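Read in order, the letters of the sequence shown correspond to residues 49 to 339 in this note's numbering.
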Amino acid sequence: MKSGPFINLTTQTVSHHQIKSMDEQKVSEANVLIIYGFGKDENMPSGSGFCQKVETFARATKIPYELRATLPDRAPKGKLPYITFGDETVADSHFILKYVVQKRISRDLDASLTPSQKADSRAFQSYIEEHLYSCICYERWMVDANYQVVVRESFSAAPSVLRPLLGWYFWRKVRSGLWAQGVGRHSTEEVYGLLEDAVTHLAARLEVQFDITADKSRHIYFHGGESPTQIDVILYAFLANAIATDSNPYFNKLMLAQPALVTFTRQMTTLLFPEYTKVLEKLDAGTLAKD
Ligand SMILES: N[C@@H](CCC(=O)N[C@@H](CS)C(=O)NCC(=O)O)C(=O)O
């Protein structure tokens with residue numbers, strides 16, 4: 049069943065780690081990361097880049113996890129995601145990843161990075177999460193034509209009479225968040241310019257690892273290794289989140305014009321989320337349309 053990503057609380061679990069019965073669920077819960085996020089379709093990235101980030105990390109490190117749908121006002125910090133592990137609760141994707149590594153619930157994807165590579169990762173993390181994603185949210189919620197799309201996509205599980213109300217409620221929250229953050233004070237043209245810069249910078253950074261004229265199938269992770277590090281998880285989460293929706297068409301067009309970003313996203317999807325067929329189709333269709 050197709051469901052809107054935000055409010056579908058009935059989507060019980062989407063689990064990498066299949067749970068068979070309620071008894072088994074209780075027993076296994078102690079060792080399973082429970083990720084609380086917005087409801088999501090199993091075959092689509094989360095409508096929240098931050099929720100997708102935590103799930104991507106769980107997949108990349110192969111830790112058992114379970115997704116549970118909830119709403120931000122039920123979260124410890126009023127935002128999603130948060131996790132529970134046994135009787136511990138951790139809010140905020142950044143602290144969640146730190147927690148699972150420090151508690152040795154997962155391995156550390158950055159264990160072999162140098163201090164300078166770690167600094168580079170942290171700077172790009174902020175660029176992606178605090179700047180790029182704000183610009184993407186602006187495109188979704190502040191551009192009238194896209195607002196209709198984001199409401200339709202996000203709240204399709206809600207009764208149709210409720211959808212405008214839900215849309216308005218979230219629009220007000222997003223608008224005040226973007227205003228406080230700063231991006232909300234810019235014109236659409238200015239935000240589009242910021243998106244162009246960010247996409248160009250990310251592609252340039254990945255291209256360092258990627259000779260486009262050479263073997264296009266070879267790995268192009270951020271630090272050039274043979275497997276993803278934490279910054280690859282983060283970059284992927286936000287790119288997959290964006291490409292899956294039609295509510296940020298300007299960003300998607302920019303992204304599809306960058307072979308390094310397309311190859312990276314395709315490679316990560318195939319490796320970690322092969323069930324995201326719509327993401328793969330959109331990447332392929334975008335690439336073909338350009339040829
Ligand atoms: N710094 C947080 C950001 C999380 C965040 O912004 N979540 C958004 C969804 S993408 C949210 O829950 N917003 C609800 C609200 O602000 O009311 C993290 O890394 O987890």
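For glycine and all other residues, C-beta sits at the position ideal for the given N, C-alpha and C.
Since we're looking at a predicted model, the values are computed, not measured.
Asked: Closer than 7 Å: S96 CB and nearest ligand 1 heavy atom; Found: yes
Asked: DSSP-derived helix/strand/coil call for Y269; Found: coil
Asked: Beta-carbon proximity of P129 to N79, cut-off 8 Å; Found: no
Asked: Distance cut-off 7 Å: S295 Cβ against heavy atoms of ligand 1; Found: no
Asked: Bridge-paired residues (DSSP) for V138; Found: I131
Asked: Residue of R116, A193, E244, T132 minimising C-alpha distance to H179; Found: E244
Asked: N- and C-terminal bounds of the alpha helix (DSSP H) containing L214; Found: 211 to 229
Asked: C-beta contact flag for P93 and V327 at 8 Å; Found: yes
Asked: C-alpha distance - K166 paired with D158, whole-angstrom precision; Found: 7 Å
Asked: Cross-strand partners of G241 (DSSP beta bridge); Found: Answer by DSSP bridge pairing: none, since G241 is not bridged.
Asked: Per-residue DSSP class, three states only, for I82; Found: strand
Asked: Segment contact, 8 Å Cβ cut-off, at least three pairs: the region 287 to 296 with the region 172 to 189; Found: yes
Asked: DSSP-derived helix/strand/coil call for E114; Found: strand
Asked: Cβ neighbours of Y147 in the same chain (closer than 7 Å, five flanking residues each side left out); Found: V138
Asked: Between the CA atoms of S208 and R107 - distance to the nearest angstrom; Found: 35 Å
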